[in-house]
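A short write-up of the structure that comes next.
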Amino acid sequence: MSGPADSIEIQNVVASTGIGQELDLEALADDLPGADFNPDNFPGLVYRTQEPKAAALIFRSGKIVCTGAKSIDDVHEALGIIFDKLRDLSIPVDEEPEITVQNIVSSADLGHNLNLNALAIGLGLEDVEYEPEQFPGLVYRMDEPKVVILLFGSGKIVITGGKQTDDAETAVEEIVERIDALGLLG
Amino acid sequence: RLRKWQERIRTKDAGERNLQFALSEIDRMASALGVPRSVREVASVIYRRALNEDLIRGRSIEGVATSALYAACRQEGIPRSLDEVAEVSRVPQKEIGRTYRYISQELGLELKPVDPKQFVPRFASALDLSEEVQAKATEIIDVSAEQGLLSGKSPTGFAAAAIYAASLLCNEKKTQREVADVAQVTEVTIRNRYQEQIEAMGFR
DNA sequence: GCTTTAAAAAGTAATCT
DNA sequence: AGATTACTTTACAAAGC
Numbered sequence: 513m514s515g516p517a518d519s520i521e522i523q524n525v526v527a528s529t530g531i532g533q534e535l536d537l538e539a540l541a542d543d544l545p546g547a548d549f550n551p552d553n554f555p556g557l558v559y560r561t562q563e564p565k566a567a568a569l570i571f572r573s574g575k576i577v578c579t580g581a582k583s584i585d586d587v588h589e590a591l592g593i594i595f596d597k598l599r600d601l602s603i604p605v606d607e608e609p610e611i612t613v614q615n616i617v618s619s620a621d622l623g624h625n626l627n628l629n630a631l632a633i634g635l636g637l638e639d640v641e642y643e644p645e646q647f648p649g650l651v652y653r654m655d656e657p658k659v660v661i662l663l664f665g666s667g668k669i670v671i672t673g674g675k676q677t678d679d680a681e682t683a684v685e686e687i688v689e690r691i692d693a694l695g696l697l698g
Numbered sequence: 011r012l013r014k015w016q017e018r019i020r021t022k023d024a025g026e027r028n029l030q031f032a033l034s035e036i037d038r039m040a041s042a043l044g045v046p047r048s049v050r051e052v053a054s055v056i057y058r059r060a061l062n063e064d065l066i067r068g069r070s071i072e073g074v075a076t077s078a079l080y081a082a083c084r085q086e087g088i089p090r091s092l093d094e095v096a097e098v099s100r101v102p103q104k105e106i107g108r109t110y111r112y113i114s115q116e117l118g119l120e121l122k123p124v125d126p127k128q129f130v131p132r133f134a135s136a137l138d139l140s141e142e143v144q145a146k147a148t149e150i151i152d153v154s155a156e157q158g159l160l161s162g163k164s165p166t167g168f169a170a171a172a173i174y175a176a177s178l179l180c181n182e183k184k185t186q187r188e189v190a191d192v193a194q195v196t197e198v199t200i201r202n203r204y205q206e207q208i209e210a211m212g213f214r
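The listed protein sequences correspond, in order, to chains A and B.
Be aware that the first sequence starts at 513, since it is given in this note's numbering, and climbs by one per residue.
Be aware that the second sequence starts at 11, since it is given in this note's numbering, and climbs by one per residue.
And the structure:
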């Protein structure tokens, strides 16, 4: 059976880590080709990896944020590349820094058009934000799993805020059930 | 103790002055928008509730006052678009929208999404269009919304397209530019919605 | 609160040809 | 009248204002 859950695609993973070492970002900006560092704008140095494609924000404290990767494996791979680059510059990096996934953004397709007006009322105006004058998506905050779902008229959805790989799947099954119970799923 | 007493008076005066300022701002903006007195009173009630619930902390008084007025217009069934409200406020549209979502959630206003039909009388009269055109535009909105075309679309753009289509059908043609100007949307939006609505009506 | 980074959804808008 | 680019919304971490 191919259902909405099979259409789930991870679009972005945000993770944080730290090398356990303070950094001189001015020096790092000179030594790392392609690094962007504008301390007047933002305290972090921006470094992008090509393969896998990701962006890292490196801070003076040695803490690092990695975003833009398409999977958790890619996050580890991209950060591994960065750790090695730092080691190449004789910067001591912990053996295996702990990497924490902070947010996973996924997209999916429910396979039916949605009447967002009816859905806003059916799901309960208190849990829903639907202001088509400001944004075409209906914002639904789900408690378990604790994620936020953006639902569009096309039936395409975005699930964000999850930290577990299977949060998106659980959320999709749950939202499909709730929409179906309202008789609003084609 | 005397200090405390004086401070209480000072705080009370400051709060009173802020409230007076907010209410006078609501009055000024409401006049500029031409909304009836009853809506101003609803807006004042919403503002006082926000004040009592301590929702103003971290937000500008003007922003909350503007959002209260925007919410009151919706609650009373004579909505103004965020663009229109922003024109008479000194707060940027983005902040008004954000503050509205916040107070709406916190006060549990539970306002339904804006119905495009509620813009028809005001936009149509600004364009000197007849009752017949208004009725036709309303019908176009009902039919196309029923066919699922409204999901995710801006209510002002949807209403503008229906009015444009109705003006053509009733031989009281207004240009896309004229309708776009009163509804504060672009001609491109009217064109896109118009095509879908005409098809939904079975014309074309 | 804000700043920056990434990505999707769909609507609206500004600008250029 | 297209096409392109860009902005709206959601979540999240980081350091500092």
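All residues carry an ideal CB built from backbone N, CA and C; glycine is no exception.
Predicted model, so just to flag it, every value in this text is computed and none were measured.
Name the chain B residues that come within less than 8 Å of residue i, Cβ to Cβ?
i: alanine 632/A; result: Lys122, Pro123
i: tyrosine 652/A; result: Going along chain B, no residue has its Cβ under 8 Å from tyrosine 652/A, so there is no contact; the nearest lies around 13 Å.
i: glycine 698/A; result: None at all; the shortest Cβ gap to chain B is about 10 Å.
i: glycine 673/A; result: Chain B residues near glycine 673/A: none, gap ~17 Å exceeds 8 Å.
With distance defined between alpha-carbon atoms, name the residue in the options nearest to residue i.
i: alanine 155/B; options: Ile661/A, Gly674/A, Leu626/A; result: Leu626/A
i: leucine 601/A; options: Ser618/A, Gly636/A, Asp542/A, Ile584/A; result: Asp542/A
i: glutamate 641/A; options: Gly162/B, Glu142/B, Thr148/B, Glu97/B; result: Gly162/B
i: glutamate 643/A; options: Ser519/A, Ser583/A, Val526/A, Leu628/A; result: Leu628/A
i: phenylalanine 129/B; options: Lys104/B, Glu105/B, Ala171/B, Arg111/B; result: Ala171/B
i: leucine 178/B; options: Glu209/B, Pro102/B, Lys146/B; result: Lys146/B
i: leucine 540/A; options: Gln614/A, Tyr652/A, Thr672/A, Phe571/A; result: Phe571/A
i: alanine 566/A; options: Thr677/A, Lys582/A, Asp639/A; result: Lys582/A
i: proline 46/B; options: Gln85/B, Gln144/B, Ala24/B, Thr196/B; result: Gln85/B
i: leucine 694/A; options: Ile616/A, Gly636/A, Val558/A; result: Gly636/A
i: glutamate 197/B; options: Thr185/B, Ala176/B, Gln207/B, Glu206/B; result: Thr185/B
i: threonine 76/B; options: Asn62/B, Pro102/B, Asp64/B; result: Pro102/B
i: glutamate 589/A; options: Pro564/A, Leu544/A, Pro516/A; result: Pro564/A
i: glutamate 63/B; options: Asp37/B, Ser99/B, Gly118/B; result: Gly118/B
i: asparagine 548/A; options: Leu569/A, Gly532/A, Val617/A, Asp536/A; result: As written in the sequence, residue 548/A is aspartate, which differs from the asparagine given in the question. Of the candidates Leu569/A, Gly532/A, Val617/A, Asp536/A, the one whose C-alpha sits nearest the C-alpha of aspartate 548/A is Leu569/A.
Looking at residue i and the ligand FMN, is the gap between the Cβ and the nearest heavy atom below 7 Å?
i: lysine 575/A; result: The ligand FMN is not part of the structure shown, which contains no ligands of any sort.
Which bits of chain B does residue i rub up against, with CB to CB less than 9 Å?
i: glycine 665/A; result: Gly158, Leu159, Leu160, Ser161, Gly162, Lys163
i: glutamate 641/A; result: Arg111, Ser114, Gln115
i: asparagine 553/A; result: None at all; the shortest Cβ gap to chain B is about 20 Å.
i: leucine 662/A; result: By Cβ distance, chain B contributes nothing, its closest Cβ being about 11 Å from leucine 662/A, past 9 Å.
i: asparagine 524/A; result: In chain order: nothing, as chain B lies at least about 22 Å away.
i: asparagine 625/A; result: Gly158, Ser161
i: glycine 649/A; result: Gly162
For the beta strand (DSSP E) containing residue i, list its first residue and its last residue.
i: valine 613/A; result: 612 to 621
i: arginine 653/A; result: 650 to 654
i: leucine 663/A; result: 659 to 663
i: threonine 529/A; result: 521 to 530
According to DSSP, is residue i helix, strand or coil?
i: valine 688/A; result: helix
i: methionine 39/B; result: helix
i: glycine 667/A; result: coil
i: threonine 76/B; result: helix
i: arginine 560/A; result: strand
i: glutamate 188/B; result: helix
i: cysteine 578/A; result: strand
i: glycine 674/A; result: strand
i: alanine 24/B; result: helix
i: valine 640/A; result: strand
i: alanine 693/A; result: helix
i: alanine 517/A; result: helix
i: alanine 547/A; result: coil
From which residue to which residue does the alpha helix (DSSP H) around residue i run?
i: threonine 107/B; result: Note that residue 107/B corresponds to glycine in the displayed sequence, not to threonine. Segment 103 to 116, the alpha helix (DSSP H) holding glycine 107/B.
i: arginine 572/A; result: Unbroken run through arginine 572/A: none, as it is neither H nor E.
i: leucine 591/A; result: 584 to 600
i: aspartate 152/B; result: 141 to 156
i: valine 95/B; result: 92 to 98
i: proline 477/A; result: Because chain A spans 513 through 698 in this model, residue 477/A falls outside it and cannot be assessed.
i: aspartate 543/A; result: 537 to 543
i: glutamate 51/B; result: 47 to 62
i: alanine 632/A; result: 628 to 635
i: serine 238/B; result: For residue 238/B there is no data in the structure shown, the boundaries of chain B being 11 and 214.
i: valine 130/B; result: 130 to 136
i: threonine 166/B; result: 165 to 179
Can you list the residues of chain A that residue i reaches, using a CB-CB cut of under 9 Å?
i: threonine 148/B; result: Result: empty, since nearest Cβ-Cβ is about 16 Å, beyond 9 Å.
i: threonine 166/B; result: Glu645
i: glycine 44/B; result: Going along chain A, no residue has its Cβ under 9 Å from glycine 44/B, so there is no contact; the nearest lies around 20 Å.
Quick one: which chain A residues come within Cβ less than 8 Å of residue i?
i: leucine 92/B; result: Glu645, Gln646
i: glycine 118/B; result: Glu638
Under 7 Å between beta-carbons, which chain B residues line up against residue i? List them in chain order, please.
i: leucine 628/A; result: Ser161, Gly162
Applying a beta-carbon distance threshold of less than 7 Å, which residues of chain A neighbour residue i?
i: glycine 87/B; result: In chain order: nothing, as chain A lies at least about 16 Å away.
Is there contact between the segment 569 to 576 of chain A and the segment 527 to 534 of chain A, where contact requires at least three CB pairs shorter than 8 Å?
-> yes
Assess, as a yes-or-no matter, whether the segment 97 to 111 of chain B is touched by the segment 133 to 141 of chain B under the definition of 3 or more beta carbon pairs within less than 8 Å.
-> no
At least three beta-carbon pairs within less than 8 Å, the segment 656 to 664 of chain A to the segment 584 to 599 of chain A | no
Would you say the segment 86 to 104 of chain B touches the segment 598 to 615 of chain A, given that touching needs at least three Cβ pairs under 8 Å?
-> No, the segment 86 to 104 of chain B does not touch the segment 598 to 615 of chain A.
Counting Cβ pairs closer than 8 Å, one from the segment 678 to 697 of chain A and one from the segment 645 to 654 of chain A, do we hit at least three?
-> yes
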